[in-house]
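Since the structure comes first, as structure tokens, the remarks are kept for the end.
2 protein chains.
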Amino acid sequence: MLSYKAPLNDIKFLMEDVLDFYPHFEKFPEFEEATPDLIDAIFQECAKFCENELLPLNQSADKEGCHFENGEVKTPKGFKAAYEQYVAGGWQSLSHGLEYGGQGLPPSLGLIKSEMMGTANWSWAMYPGLSHGAMNTIDLHGSTKQKEKYLTKLTEGTWTGTMCLTEPQCGTDLGQVKTKAIPNGDGTYSITGTKIFISAGEHDLTDNIIHIVLARLPDAPEGTRGISLFIVPKMHSDEQGNITDRNGVVCGSIEDKMGIKGSATAVLNFDNAIGELIGPENKGLECMFTFMNTARIGTALQGICATELSYQNALEYAKERLSMRALSGTKEPDKVADPIICHPDVRKMLLTQKAFAEGGRAMIYYAAKLADTIEHSKDEKAKKRADYRLGFITPILKAFLTEVGVESANLGVQVFGGHGYIKEWGMEQIVRDVRISTLYEGTTGIQALDLLGRKILLSRGKSLKSFSMEVLGFCKDKSMISSNPHKRQMNKFIWPLSKAVANWQQCSVRLAMKAKKNRDYVGSASVDYLMYSGYVVMGYFWAQMAQASYEKLAGEVENRDFYRAKIKTAEFYFERIFPRIKSLSATMMADPKSLMQLDQELLSFL
Amino acid sequence: MLSYKAPLNDIKFLMEDVLDFYPHFEKFPEFEEATPDLIDAIFQECAKFCENELLPLNQSADKEGCHFENGEVKTPKGFKAAYEQYVAGGWQSLSHGLEYGGQGLPPSLGLIKSEMMGTANWSWAMYPGLSHGAMNTIDLHGSTKQKEKYLTKLTEGTWTGTMCLTEPQCGTDLGQVKTKAIPNGDGTYSITGTKIFISAGEHDLTDNIIHIVLARLPDAPEGTRGISLFIVPKMHSDEQGNITDRNGVVCGSIEDKMGIKGSATAVLNFDNAIGELIGPENKGLECMFTFMNTARIGTALQGICATELSYQNALEYAKERLSMRALSGTKEPDKVADPIICHPDVRKMLLTQKAFAEGGRAMIYYAAKLADTIEHSKDEKAKKRADYRLGFITPILKAFLTEVGVESANLGVQVFGGHGYIKEWGMEQIVRDVRISTLYEGTTGIQALDLLGRKILLSRGKSLKSFSMEVLGFCKDKSMISSNPHKRQMNKFIWPLSKAVANWQQCSVRLAMKAKKNRDYVGSASVDYLMYSGYVVMGYFWAQMAQASYEKLAGEVENRDFYRAKIKTAEFYFERIFPRIKSLSATMMADPKSLMQLDQELLSFL
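Same order as they appear, the protein sequences are chains C and L. Going by our numbering, the letters in the first sequence line up with residues 0 to 605, in that order. Going by our numbering, the letters in the second sequence line up with residues 0 to 605, in that order.
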């Protein structure tokens with residue numbers, strides 16, 4: 000059975016000691032209630048809900064799955080009750096605007112809440128999670144009337160929402176969308192088409208589901224420039240928000256998947272369903288992309304959630320399971336064998352998980368602060384800066400953290416040996432659940448093209464330059480030439496980090512030059528380039544966490560072991576994980592010829 | 000739906016052009032029938048059986064699983080019929096001795112047969128596969144009477160066999176085995192205990208199952224030196240081999256697993272089951288280990304099988320699925336988008352699979368030739384040399400090929416995007432099925448300790464020296480200073496390969512020295528060291544395949560494209576995969592301190 004305890008100490012460390020969340024909140028008058036006391040109290044409540052209500056449904060939901068019959072979906076046992084408790088607790092409204100019933104707390108806190116819930120039970124957390132996307136769309140692009148009609152219900156959690164993008168013939172390539180929207184003459188539209196892979200597209204948690212649908216108006220231009228966005232509710236409602244009759248959208252089936260089995264993935268058939276246009280005609284994709292970054296950070300989270308859950312359980316197992324004697328000499332002579340945590344390779348696997356969980360958490364929280372600024376700052380320049388930075392870091396977070404999440408979950412299975420393969424323990428479920436994360440919301444390959452092609456090359460390296468200036472600034476500030484009292488200890492992090500950043504810049508310039516002559520360099524380098532970037536960014540956060548820990552240890556602090564452990568984990572990261580950039584640095588620069596020269600007919604001779 | 004065609008061209012290429020199987024067979028008079036014509040005919044029949052009978056049961060068996068009721072296991076629909084066809088076709092007896100009804104063909108051919116069957120349906124193939132282990136044990140250590148009683152039935156396939164090692168408290172650490180064997184005074188023993196994770200431990204394919212069981216005699220020494228080996232049949236039989244009554248072994252349950260669901264993994268309860276001692280008292284583990292290498296090669300095969308199956312299906316999908324335009328310019332203007340195989344990163348994933356499948360196949364066939372020599376050579380020196388070499392290369396093959404098998408299967412899912420996550424396509428099943436391969440028959444960590452601790456350090460590097468002399472000999476022989484007509488083209492492989500081998504040797508020496516002072520170096524370096532070794536060994540075989548292809552192309556040969564494709568795949572391997580050794584080379588040398596310094600209580604602060 001899986002166990003989970005919310006990492007409240009780590010959350011506090013990041014918010015207070017590393018990322019200065021409270022000075023950050025103080026910049027926004029509307030966040031004046033977001034004090035350490037309130038937030039501690041909220042997170043403690045949240046932890047209880049996750050540990051006591053969501054976690055126990057994690058493995059049972061995987062076993063049971065969702066049930067589909069006659070267009071209706073029944074979620075696994077306990078999901079509905081947990082959702083009702085969630086709504087009653089006001090969790091859905093936590094970081095949404097006061098205007099439509101939200102509690103107005105910072106978006107970053109909503110993300111931290113999502114992390115805990117997603118770790119305890121990712122499948123369950125997808126139902127409320129998808130709503131945030133729909134809410135953001137309506138909030139940013141909806142008319143006042145639309146906001147009044149939909150946003151209040153969604154903020155309460157009385158209704159949930161979805162994003163309907165994918166169709167059978169296209170996922171990434173949304174220019175191929177075929178779903179049609181025909182004006183009815185009364186301001187509404189008749190939507191007809193098939194959408195697939197719609198998470199939370201049908202379920203029994205709420206009476207209504209608000210679909211945000213990509214579709215084409217008649218005579219719309221071909222491709223991506225002819226797509227508009229529509230609100231299509233499952234049920235119509237009257238002025239008072241009471242549900243009236245059924246709209247023309249029906250769930251045709253749900254997918255039988257590798258994992259996240261408690262989360263219903265629906266095929267939705269729209270047959271002259273009544274919809275409302277949201278945002279300008281033919282600008283549907285632009286509207287969608289305005290909050291794509293936040294959605295993708297929400298998916299990046301899954302990598303961390305899987306890593307944390309797998310780590311916590313692998314660690315306990317490794318302390319208990321007895322096998323062989325330590326090569327360096329018997330550790331527990333009174334037992335039949337030593338616990339496997341004595342073996343260096345088991346420790347390597349555990350520390351890899353630990354380094355990814357904690358390093359990734361820092362990366363996510365950094366992005367969450369940017370999201371606060373983007374959504375709440377009155378300073379247009381600061382807002383733009385944050386948006387630019389978030390745009391740069393998002394593909395790295397999404398792809399890198401989900402890839403290392405898959406790796407970590409697999410390491411968790413490996414620590415358990417053969418038992419890791421048995422369902423009962425839950426470790427293999429984490430592997431199956433997290434496997435989707437490198438696929439949805441843009442595959443790793445798509446994130447990598449976004450990073451190298453759009454964010455780096457199109458900006459002529461500006462976004463990288465600005466980020467690497469930040470990192471190098473930190474390095475200079477903490478290094479031998481500075482007044483940092485911990486500079487001697489920090490050197491082991493600063494030196495490889497600054498070297499790696501310099502190489503990152505150089506490789507980027509070289510790739511830009513090569514790509515001018517041969518566009519295939521972009522695609523051939525992209526994934527290795529992204530993973531390189533990920534290790535460097537994570538290295539930056541590990542260095543910051545080490546610096547913060549040295550600072551705390553220099554003062555009077557109670558939980559000294561906590562800070563010592565951070566520093567030692569940083570050492571592990573830089574010695575055992577960071578050198579992965581060496582290989583990536585070589586392979587990303589390889590000529591695309593080795594990929595492109597083989598005619599596709601010659602790839603197999605069967 | 001998964002498709003599969005046996006790679007007969009690649010098998011032929013390896014046997015004839017690269018690894019000189021026929022001159023090798025000629026060394027053994029008993030293999031005189033193993034001519035190219037006969038073998039081609041056998042493999043064509045085998046391919047038909049795999050493609051038409053086994054493959055169609057692959058996904059349905061995953062869906063259905065095995066059924067357990069009252070101690071009995073029902074295998075998935077179609078398994079029994081396929082098994083009967085297999086036995087009727089004489090497939091089980093292919094490479095077993097004539098004396099007990101075998102066909103006496105080389106063991107290497109048995110392995111190639113197992114590869115095809117395992118690719119088409121690994122779960123099914125485990126039932127006859129496990130028998131080979133039992134047969135080898137009886138063949139090597141059984142008395143004439145035991146051989147007569149059991150070997151004929153097992154060779155026919157009328158009965159199957161198992162290996163019963165693992166118990167709830169121990170898998171790797173067999174010294175903890177508790178199952179007891181009490182002498183009955185009549186030469187038989189009463190076996191009592193619980194064995195878990197017994198593949199093919201109970202099923203409905205045959206009327207009898209012969210268990211080979213590790214157990215302790217009364218007053219046996221503690222630990223590994225007090226374990227003996229027993230033959231414990233599920234059903235007793237009379238002198239004529241007719242089944243009589245039930246023995247005291249009952250299947251208590253079967254495991255609910257991540258994958259290989261068609262393969263029953265049994266908990267076996269032995270309650271005063273009657274068994275016969277096989278081999279000397281207290282020498283059970285030694286007896287087991289005599290054929291552990293071959294068993295592990297059989298498991299290494301799973302990495303290749305998964306890679307091949309995933310590659311074949313991903314390749315077809317990549318040619319058909321249309322998404323986006325190639326960055327280097329539209330490839331298919333008359334279609335709505337270009338097929339995804341135009342995108343460099345998709346090609347990178349496919350070529351990675353291809354390089355691992357074909358490179359891994361060469362490694363396995365090399366090992367298979369060694370097995371022929373070990374089992375059939377009359378030249379004791381040659382036999383010993385082969386055994387030594389196989390012992391060195393086995394942990395590399397087992398761990399490296401299964402690790403890259405897991406990677407490849409995941410890449411196959413990634414090529415399919417979101418569809419890869421849906422069961423229907425079968426791609427996610429390959430990931431689930433192959434995931435067991437790095438766990439059973441010794442985890443990757445155990446293989447790595449075997450390699451670095453036993454095979455390298457205990458032999459003072461002799462085994463590595465002898466193998467690397469072979470590789471460096473090849474390098475010298477094909478390089479610029481030789482008379483090789485293809486030396487100019489071969490240089491791009493020879494140079495990095497010989498450099499990597501030199502570094503391999505240096506690192507080994509340095510690790511040996513460090514390990515003398517600190518034993519934890521062995522465990523901390525081991526897995527990275529093993530993976531480094533794997534990439535180098537695979538590089539050696541890719542270089543050999545390239546050389547063989549150049550040689551073929553220099554002559555009059557029909558399928559020139561086949562050889563060109565081999566060379567280009569070798570180029571891909573050396574440019575995009577081989578550089579992974581750079582990072583491994585760094586991390587394996589890191590001080591174990593970064594793994595060991597954190598007290599286990601400080602690994603978490605929840």
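Positions of the beta carbon are idealized from the N, C-alpha and C atoms, including for glycine.
- Neighbourhood of Ser525(L) in chain C, by CB distance below 7 Å: Asp344, in chain order.
- Within the same chain, Cβ atoms closer than 6 Å to the Cβ of Asp371(L) are found at Pro105, Pro106 and Ser107, the five residues on either side in sequence being excluded.
- For Leu267(L), the number of other beta carbons within 10 angstroms of its own is at least 16, and it is reported as buried.
- Using beta-carbon distances, Arg579(L) counts as an interface residue toward chain C, with a partner under 7 Å.
- C-alpha of Glu469(C) to C-alpha of Gly390(C): approximately 16 Å in a straight line.
- One thing to note: Phe540(L) has its Cβ within 7 Å of the Cβ of Met362(L).
- Contact residues of the segment 8-33 of chain L toward chain C are Asn8 and Asp9 (C-beta to C-beta distance below 8 Å).
- For Met479(L), the three-state secondary structure derived from DSSP is coil.
- Of all residues in the segment 582-600 of chain L, the ones placed with a Cβ closer than 9 Å to any Cβ belonging to chain C are Ser582, Leu583, Ser584, Ala585, Thr586, Ala589, Asp590, Pro591, Lys592, Ser593, Leu594, Met595, Gln596, Leu597, Asp598, Gln599 and Glu600, in chain order.
- The C-beta of Thr171(C) comes closer than 7 Å to at least one C-beta of chain L.
- Around the beta carbon of Arg224(L), a 10 Å sphere encloses fewer than 16 other beta carbons of the protein chains shown; the residue is thus reported as exposed.
- Any Cβ of chain L closer than 7 Å to the Cβ of Phe604(C) would place that residue at the interface, and such an atom is present.
- For Asn120(C), the secondary structure class from DSSP, reduced to helix, strand or coil, is coil.
- Within its own chain, the residues whose Cβ lies closer than 7 Å to the Cβ of Met257(L), once the five positions on either side in sequence are excluded, are Arg431 and Arg434, listed in chain order.
- Within its own chain, the residues whose Cβ lies closer than 7 Å to the Cβ of Phe24(L), once the five positions on either side in sequence are excluded, are Phe30, Ala33 and Pro105, listed in chain order.
- Legend: CB atoms of the segment 483-505 of chain C lying less than 9 Å from CB atoms of chain L are not found in any residue.
- For the segment 250-265 of chain L, the beta-carbon criterion of a distance under 7 Å to any beta-carbon of chain C is satisfied by Glu254, Asp255, Lys256 and Met257.
- Nearest neighbour of Arg559(C) by Cα position, chosen from Tyr365(C), Asn8(C) and Ser2(C), turns out to be Asn8(C).
- DSSP links Tyr188(L) through a beta bridge to Pro182(L) and Gly274(L).
- In the DSSP assignment, Ile363(C) falls outside any beta strand (DSSP E) and within the unbroken alpha helix (DSSP H) covering Pro343 to His375.
- Against chain C, a Cβ distance below 9 Å from Tyr82(L) picks out nothing, because the smallest value is about 24 Å.
- When DSSP states are grouped into helix, strand and coil, Leu213(L) belongs to the strand group.
- For Ile242(C), the enclosing beta strand (DSSP E) stretches over residues Ile242 to Arg245.
- Judged by DSSP secondary structure, Met234(C) falls outside any alpha helix (DSSP H) and instead within the beta strand (DSSP E) spanning Met234 to Ser236.
- Nearest to Trp121(C) by alpha-carbon distance, out of Gln504(C), Gly460(C), Asp449(C) and Ala305(C), is Ala305(C).
- For Gly538(L), the uninterrupted alpha helix (DSSP H) segment begins and ends at Asp519 to Ala553.
- Not a single C-beta of chain L is nearer than 7 Å to the C-beta of Thr401(C).
- Straight across, the Cα-Cα distance linking Asn57(L) with Gly101(L) is about 28 Å.
- Within chain L, no residue has its beta carbon less than 9 Å from that of Arg224(C); the closest one is some 15 Å off.
- In the structure shown, the three-state DSSP call for Cys65(C) is coil.
- Counting C-beta pairs with one atom in each stretch, the segment 179-187 of chain C and the segment 203-222 of chain C have three or more that are closer than 8 Å, which means they touch.
- For Cys45(L), the uninterrupted alpha helix (DSSP H) segment begins and ends at Pro35 to Phe48.
- Taking 7 Å as the CB threshold, Ala564(C) lines the interface with chain L.
- By the neighbour-count definition (other C-beta atoms within 10 Å, threshold 16), Gln446(L) is a buried residue.
- With respect to the 7 Å criterion, Leu326(L) and Val521(C) are classified as neighbours on the basis of their beta carbons.
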